[in-house]
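In what follows, a single structure is set out as structure tokens and then discussed.
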Amino acid sequence: MKIHEYQAKELLSRYDVPVPRGSVAKTAREAGETADQISQRVVIKAQVHSGGRGKVGGIRIAETPAEAEQIARELLGTKLVTHQTGPEGLTINAVLVEEAVQAEKELYLGMLINTSAYAPMVIASEAGGMEIEEITTRNPAKILRQHFELVAGLLPYKARTLAYGVNLPTENIRPVTQVMAGMYRLFTEKDCSLVEINPLVTTTDGRLLALDAKINFDDNALSHHQDIVQLHDSSQEDPLEVEAGNTGVNYVKIGGNVGCLVNGAGLAMATMDMIKMVGGEPANFLDVGGGASEEQVAQALKILLADPNVKAAWINVFGGILRCDVVARAVVRVLEESKASVPFIVRMNGTNLQEAMRVLEESELNITFEADLVSAAEKAVAMAKLRLSKANDTSQ
Amino acid sequence: MKIHEYQAKELLSRYDVPVPRGSVAKTAREAGETADQISQRVVIKAQVHSGGRGKVGGIRIAETPAEAEQIARELLGTKLVTHQTGPEGLTINAVLVEEAVQAEKELYLGMLINTSAYAPMVIASEAGGMEIEEITTRNPAKILRQHFELVAGLLPYKARTLAYGVNLPTENIRPVTQVMAGMYRLFTEKDCSLVEINPLVTTTDGRLLALDAKINFDDNALSHHQDIVQLHDSSQEDPLEVEAGNTGVNYVKIGGNVGCLVNGAGLAMATMDMIKMVGGEPANFLDVGGGASEEQVAQALKILLADPNVKAAWINVFGGILRCDVVARAVVRVLEESKASVPFIVRMNGTNLQEAMRVLEESELNITFEADLVSAAEKAVAMAKLRLSKANDTSQ
Amino acid sequence: MILVNEDTRVLVQGITGREASFHTRKCLEYGTKVVAGVTPGKGSISWEKEVPVFNSVAEAKKETGANASLIFVPAPFAVDAILESADAGIKVVACITEFIPALDELKCHYYLSNQETRLIGPNCPGIISPPGKCKMGIMPSYIHRPGNVGVVSRSGTLTYEAVTQLTEQSLGQTTCVGLGGDPLPGTSFVDILKLFQADPETKAVVLIGEIGGTYEQEAADFIQKHMTKPVVAYIAGSSAPSGKRMGHAGAIISGNASKALNKITSLAAAGATVVENFGQIGLVTKKILSSRI
Amino acid sequence: MILVNEDTRVLVQGITGREASFHTRKCLEYGTKVVAGVTPGKGSISWEKEVPVFNSVAEAKKETGANASLIFVPAPFAVDAILESADAGIKVVACITEFIPALDELKCHYYLSNQETRLIGPNCPGIISPPGKCKMGIMPSYIHRPGNVGVVSRSGTLTYEAVTQLTEQSLGQTTCVGLGGDPLPGTSFVDILKLFQADPETKAVVLIGEIGGTYEQEAADFIQKHMTKPVVAYIAGSSAPSGKRMGHAGAIISGNASKALNKITSLAAAGATVVENFGQIGLVTKKILSSRI
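As they're listed, the protein sequences go chains A, B, C and D. Numbering follows my numbering, with no gaps: position 243 of the first sequence is 243. If you want my numbering, it's the 1-based position in the second sequence plus 1000. If you want my numbering, it's the 1-based position in the third sequence plus 2000. If you want my numbering, it's the 1-based position in the fourth sequence plus 3000.
Structure follows, in structure tokens:
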């Protein structure tokens, strides 16, 4: 689960990590008032679940409270499109109004589990301010790592080693190790999957501040952390993905036009790969899971069809615990109810295959059945292309 | 550090361990009012830092609030002498007034670090209600142990193994494992050296309750736990031991008549052992530590002399960091100031021995110097006996 | 065969649950020796009048000689169940349970690091050895047949597809191991490749990886240095975008190393035959085995 | 000699502190090769213009070839200092620091359990090898002389007394090790007895124990099974009452096994010569060594 920058800063602050003075505003007037209280230059930061906000006008400086109010008015309610959001962008429902600080040094600090080492890890770099992928590509030598384990925790000497490694002046060594200690407590107490401060800056007036922060949480642990669940903002997610989550199925919108519904994450990925391999573009990842009910499969199918880009749908199921006939019944029910006109290709194998075939045949719906994986992929892609060209013809 | 039963129960209760309804009272009237609120038979328990209170009238039943008030009046302000307190006893400054419960089964539960295994350990026994030493002696087979470690914590299955082992009925298994989970969190979060619930009882009305509890804390960790330090009650300790603690020296009153002042815990024990070996009775353990100042040694000496039982004093010092002359100067100063009349035997070795001898000789005080350990012990014991017999002569 | 065989005596932790009951029945039908169940508080009953249930693993092991455990208990209790089996000396544990928090899995890993127990999973379909008639998991039984191909995979249904293709090509399996979709699996590709390499019955290995982590790169390294048997590999997720979790908690692209292409390149360079068209994995394995005879 | 000798290159952690400075001077005067100091934030200065100071142990080791560490940092930072040395590959660490909480020592123990580092202490006087002119601790130098007796003890001043008696009897020492007075020492009697038994220079061992714990019983067990060299033992605390802490956190009678009499009986039964009169420990050791020649 992701949270907003302002929420991340509030959390970090509770773990003794210093952040700039500021406050979140949900109206332009609030933004102006906050700027007035801070009584100096402020930064107005669009609160959306995405990086790269600065490059697209989502982070702006205001010299006066009036200007702050004006900028907030321009931002609030609009959509911010970054390189991470996709073309739809994300709605700005809140802005963070903060004191503008004079940064001297910009550091990167990140904490996550290194799965190869089976250990939590702190990453530090003195090339802060850009994304970690960018630092990795452009200057891998500038990235320092320290692993730690859960008995001794993040040993102070390891924190110091990183602090010296990023060439901080002596007076900042202890403060930055305290920042890492706070990150560690937050990480372990709240089951985070990522705690990132980027940049952590030293200021001209001698302070150390978390200027931007990103915290992700382990979804599997959320049931232990009701306070964190409260921070969830579904307005920052694709509505179909939210609905899928409520239904208990895994749906990720990808952007192509061949929809697919699969049981099992691996098979769902392989299905997408096949669509791509035969020259198509998958519209989504959709895993209904091992033990889905007919109702869940039907809901998942509705979500799939709700994506207007989908021009053909491929049902790819290996019946194990989830029986083929359950899937067939869900397909028939949804198609009959929705009068959906997209072509359907069904490829099934496993438990109750015969019964599933019978159900599909009896339905008299226009469903193409195909036993071979590659042939099914090819048919789905061809049908999507055909439908797309027809639609184009019609629109011309 | 030790705390009172009522404080232990308040702490346990914060860690979800169920305790009987009740409240501490520092006056008889409060006790009566609490009994009135509880509105049933109550137990009045003298709050002193000692076990074995029941056998000497420190735990009594009251049928009515008036009786509760009466019993509290009888107890408060008096001294309770148990087999653990020594003949002076401990002052009762508070009583715990609790609902009287009908116990069905009495268990023992204890948590401490097993130093041989380098692991924390839970001990459980179905022979609860008596002291663990007694269970160990009388029925060692009834004692079950489970070690745990700090990464995984007290694994629920280990708690269950103990719960089944003490033959609890099925409905009590989960509650008792939750009690152990609470004890574990308390133990690790507050750096306890002992958490003991004895007895933990099942009641006729189906509850599981910590009927008595004892918690000790690791003195070395107290600086991290100001909330625990607040619970300290110095009225429950020997005033001389409290004073020694404030001075920064280790003093334990033993009860004999040969006082000793030593540097180093091992040498201090060996000094006591020698006094005993040659037929004397050590009055105390007193370790001034490795780096004591003249002021600390002087204070320690005053504490030693404040024990009226002391009939002779043996200074036994191996000068290392603590120089012999520093000790000599402290001895001379205290003896000159206090006009103490107990005979002094000084045995020293190590750094600045010559200077120390000079200081002692110049003082013209009546100090016996003896280089050999055993001879020093013998002289000290002989002098104490002589003085004791003289005192007896005088008093006759 | 590796890890489980005809001498494997399985205990099922959480046997009285709905899903566990269903799969215990399927395991028994396949021929698996399910000798005990463990559900705390239900010790003394008998599961469907067939399998004795105990309060603890230690007791179950003592009374029935169980030497492997299949775990179905819910996520909050799963690590405790795993460690209970490990402490009782059970040497092979397959944990089906999904949704275990990563920090819990980390603690589990530390605890097991000083023990001999091999943990398969969690969040996995389990393990099956057709020649030993031992199924300790939730995979459909009928697709398997005894033979000489070892299968190891991070995905459930993808494995079933692969096994189906193998069986259609008349290629049976020695053992199929599902490592599970979590980022911190108890057993890695390398652990299993070692065993397959040492197993005389296994003539070829099918390895099914996916995006996320660097497990396949470590496998590639091992294949290059130590494998003499042919490895046919497939990596799922070539078309997955960065930063989005593809179902499995472990299947998320978080850097170059976690991408499918990087894994495919590593495996190919190490000498594995990497199949791009998943529909061909049975056929390709068949060809490679034929060319070796 | 065991653990430290003429090749030992000592670094002092916390060297710039008052106590550390005092003892570093004493160690240097004795002939110890103190090659580096570590005080975070003071890397670049030089201690008394003689010993270079570094910000980290890794750096100190790299620059000076230090292979042992003497620790004086305050209790809240001591475990970090110990583990920093261990992670840097320092093989012998003596920690003088007292008042470390037991749970911290437990964490330290777990962390070190997978490492080769030998931790002496904490809350101990350190270790000295007179024949190697290496003193890594706070014991008075002048009482020692090179020779053939190994000394291992839980107490500081009691060791100095014993060493003085030995030296008075013209019995020099190979190495004297102070285990420290805490309940969870990094090194046990058994660890040191093993080394003395294997050390050709050591002809006899003086063991000084005390009440609390079962360390001496474990030593007795080892002596019975593995020691061929004579062991002279003394146990302090025969006259101590139950339940009262005698200075050392480890010196508290909490059960029969922790009593002096129990320890004395175990050691005597194992073949050690247990001295009741501490004033005789030098003399008794002399007699035993003479009778062997």
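Backbone N, C-alpha and C define an ideal beta-carbon position, used for all residues, glycine too. All of these numbers come straight from a predicted model, not from anything done at the bench.
Practice task
Tell whether a beta-carbon distance below 7 angstroms holds between A:Val334 and A:Glu294.
Solution key: no
Practice task
Enumerate, from N- to C-terminal direction, the unbroken beta strand (DSSP E) stretches of 3 or more residues contained entirely within the segment 307-357 of chain A.
Solution key: 312-319 and 344-350
Practice task
Could you have a look at C:Ser2238 and say whether DSSP puts it in helix, strand or coil?
Solution key: coil
Handout entry: Reference B:Asn1366; option with closest CA among B:Ser1389, B:Val1331 and B:Ala1377
Key = B:Val1331
Exercise for the section: Leaving aside the five residues before and after C:Arg2145 along the sequence, list all residues of the same chain whose C-beta is less than 8 angstroms from its C-beta, in chain order. Expected result: Pro2130, Thr2167, Gly2172 and Gln2173
Problem - Presumed contact (8 angstroms Cβ cut-off) between A:Leu80 and A:Val56, rounded CB distance - result: 6 angstroms
Problem - Residue nearest to B:Ile1315 in terms of C-alpha spacing, selected from B:Cys1260, B:Lys1276 and B:Arg1323 - result: B:Cys1260
Handout entry: Beta-carbon contacts of D:Val3035 that lie in its chain and below 6 angstroms, excluding the five residues immediately before and after
Key = Arg3009, Thr3064 and Ala3066
Problem - Helix, strand or coil at B:Leu1155 [DSSP, three-state] - result: coil
Handout entry: A:Arg53: first and last residue of the uninterrupted alpha helix (DSSP H) it sits in
Key = Here A:Arg53 belongs to no alpha helix (DSSP H), and DSSP marks it neither H nor E.
Practice task
Could you confirm whether any beta carbon from chain D is found closer than 7 angstroms to the beta carbon of B:Ile1427?
Solution key: The first residue shown for chain B is 1001 and the last is 1396, placing residue 1427 of chain B beyond what the model contains.
Handout entry: 7 angstroms Cβ cutoff, D:Leu3261 in contact with chain F
Key = Chain labels in this structure do not include chain F; the protein chains are A, B, C and D.
Exercise for the section: Could you list which residues in chain A have their beta carbon closer than 9 angstroms to that of D:Glu3116, in chain order? Expected result: Within chain A, no residue comes near D:Glu3116; the closest Cβ sits about 17 angstroms away, beyond 9 angstroms.
Exercise for the section: Mind checking who D:Val3034 pairs with in its DSSP beta bridge? Expected result: D:Val3010
Handout entry: Proximal residues to A:Ile71 (C-beta, below 6 angstroms), its chain only, five neighbours per side dropped
Key = Ile44, Arg60 and Ala62
Practice task
Compare the C-alpha of B:Asn1246 against each of B:Ala1300, B:Leu1373, B:Leu1222 and B:Ile1228 and name the closest.
Solution key: B:Ala1300
Practice task
Using a threshold of 7 angstroms, state whether the C-beta atoms of B:Glu1378 and B:Ile1345 are closer than that.
Solution key: no
Problem - 6 angstroms CB neighbourhood of B:Arg1387 in its chain, flanking five on each side removed - result: Lys1311
Problem - Nearest to B:Cys1324 (by Cα), restricted to the options B:Gly1182, B:Ser1389, B:Ala1298 and B:Glu1355 - result: B:Glu1355
Exercise for the section: Return the first residue and the last residue of the beta strand (DSSP E) that A:Asn216 is part of. Expected result: Ala213 to Phe217
Exercise for the section: Compare the C-beta of C:Gly2041 with all C-beta atoms of chain B and state if any pair is closer than 7 angstroms. Expected result: yes
Problem - The beta strand (DSSP E) enclosing A:Lys253, as first and last residue numbers - result: Asn250 to Lys253
Problem - Neighbour list for B:Thr1170 in chain C, Cβ cutoff strictly below 8 angstroms - result: Gly2041
Handout entry: Supposed contact pair B:Asn1172 and B:Thr1202 - C-beta distance, whole angstroms, cut 8 angstroms
Key = 6 angstroms
Exercise for the section: Determine whether the Cβ of A:Leu162 lies closer than 7 angstroms to any Cβ atom of chain D. Expected result: no
Exercise for the section: Could you give the DSSP three-state label for A:Thr170: helix, strand or coil? Expected result: helix
Practice task
Return no unless some Cβ of chain A is closer than 7 angstroms to the Cβ of D:Val3061.
Solution key: The identity of residue 3061 of chain D in the sequence shown is Lys, whereas the question assumes Val. False, the Cβ-Cβ gap to chain A never drops below 7 angstroms.
Practice task
Would you please verify whether the beta carbon of A:Leu261 is less than 7 angstroms from any beta carbon of chain C?
Solution key: no
Exercise for the section: Put C:Tyr2110 into one of helix, strand or coil per three-state DSSP. Expected result: helix
Practice task
With a threshold of 16 other CB atoms inside 10 Å of the CB of A:Thr64, please say whether the residue is buried or exposed.
Solution key: exposed
Exercise for the section: Compute the Euclidean distance between the alpha carbons of A:Val288 and B:Cys1192, then round it to the nearest angstrom. Expected result: 49 angstroms
Exercise for the section: For the segment 109-155 of chain A, list the alpha helix (DSSP H) runs that are entirely contained and at least 4 residues long, ordered along the chain. Expected result: 132-138
Exercise for the section: Give a yes or no on whether the minimum CB-CB distance between A:Tyr251 and chain C is below 7 angstroms. Expected result: no
Handout entry: Within 7 angstroms, strictly: CB atoms of B:Thr1034 and B:Ala1025
Key = yes
Problem - Sequence-distant residues of its chain with Cβ nearer than 6 angstroms to D:Ala3081 (five each side left out) - result: Gln3013, Ile3071 and Val3073
Handout entry: chain B contact residues for D:Thr3214, given Cβ-Cβ distances below 9 angstroms
Key = Thr1115 and Ser1116
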